[in-house]
Amino acid sequence: MIAILGGTFDPIHFGHLRPALEIFEKLSLSELRFIPSAKPPHRWQPEASAKDRLKMVQKAIKAMPYFTLDDREYLRLQQDNVSSFTIDTVRSIREEIGEHEPLCMIVGMDAFQSFTSWRDWQDILNTVHLIVASRPGYDDKEKSQDWVQQRIETDLKALHEKPSGNVYFCAVTQLDISATMIRNQVNQGKSCRYLTPKNVDKYIKKKNLYASWS
Ligand code: ATP
């Protein structure tokens with residue numbers, strides 16, 4: 000079973016990586032694909048270029064054979080100059096893997112809280128299982144909504160037996176790290192070691208990223 004983790008990754012950090020690994024192991028995934036958004040439609044634009052963010056993800060996952068980088072959102076922007084919505088991305092992956100293969104999409108609790116504002120969110124759920132990772136500072140009150148209750152699954156085996164449509168809540172190690180916090184630290188001339196892998200920290204320094212972020 001494959002899972003995807005989309006994000007701005009501006010930059011990628013241990014708050015992405017450790018939960019990703021725990022979910023990978025818990026769900027017995029065969030692959031976890033990181034998908035950096037080239038030009039996120041729902042938020043302010045990233046500070047680092049799409050190329051730099053891809054590069055940092057590539058470096059961060061280098062040592063993990065089943066963690067892969069999927070650059071389809073970047074390529075789509077280069078080729079057609081259009082932003083990818085999540086629905087476009089999950090549909091294109093679904094076309095590649097076929098209709099029967101289970102496909103999971105990991106989101107943090109903060110992203111889950113606004114999920115019903117995403118374009119075609121119901122179609123997204125018909126295309127993937129949603130795996131919701133706990134995140135410090137965000138509670139799970141959305142869990143009681145009818146649409147969630149109708150789709151919630153607690154049996155991991157059941158997720159493997161159907162291609163999409165369930166919501167699974169996964170408790171992960173709570174790491175109160177965000178990319179915003181890292182950008183702020185770097186901007187103030189502080190170190191971001193131990194918040195992100197060493198080679199990402201090195202890359203940030205080498206390319207002088209986030210130094211003028213405000
Ligand atoms: P920013 O601070 O720039 O908003 P971020 O740290 O939230 O960024 P994103 O790239 O926007 O990182 O996040 C990608 C995905 O990873 C989202 O689904 C988000 O909820 C999840 N995520 C990010 N940080 C954590 C964390 N510390 N714990 C759990 N999930 C996280």
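Read in order, the letters of the sequence shown are residues 0 to 213 in numbering that gives the first Met the number 0. Just so you know, even glycine gets a beta-carbon here, dropped at the ideal spot from N, CA and C.
Any heavy atom of ligand 1 nearer than 6 angstroms to the CB - residues listed: G6, T7, F8, D9, G14, H15, P18, V106, G107, D109, A110, A132, R134, L174, I176, S177, A178 and T179
3 or more residues per run - each beta strand (DSSP E) lying fully within the segment 72 to 137: 102 to 107 and 128 to 132
G107 beta carbon less than 8 angstroms from that of R134: If you number the sequence shown from 1, residue 134 lands on position 135. If you number the sequence shown from 1, residue 107 lands on position 108. Yes, they are a contact pair.
Backbone CA spacing between N183 and K58 [nearest angstrom]: As a working note, residue 183 is residue 184 in the sequence shown. As a working note, residue 58 is residue 59 in the sequence shown. Cα-Cα distance, rounded: 21 angstroms.
Sequence-distant residues of the same chain with beta carbon closer than 7 angstroms to L68, five excluded per side: Along the sequence shown, read from residue 1 onward, the residue named residue 68 stands at position 69. Cβ within range, chain order: F33, L53, V56, Q57 and I60.
Spatially closest choice to I3 from M104, A210, F114 and L194, by CA coordinates: Here residue 3 refers to the residue found at position 4 of the sequence shown. Of M104, A210, F114 and L194, the residue nearest in Cα terms is M104.
Alpha-carbon to alpha-carbon, P45 and L208: In the sequence shown, the residue the question calls residue 208 occupies position 209. In the sequence shown, the residue the question calls residue 45 occupies position 46. Spanning the two alpha carbons is a distance of roughly 11 angstroms.
Distance cut-off 7 angstroms: T67 Cβ against heavy atoms of ligand 2: Ligands displayed in this structure: ligand 1; ligand 2 is not among them.
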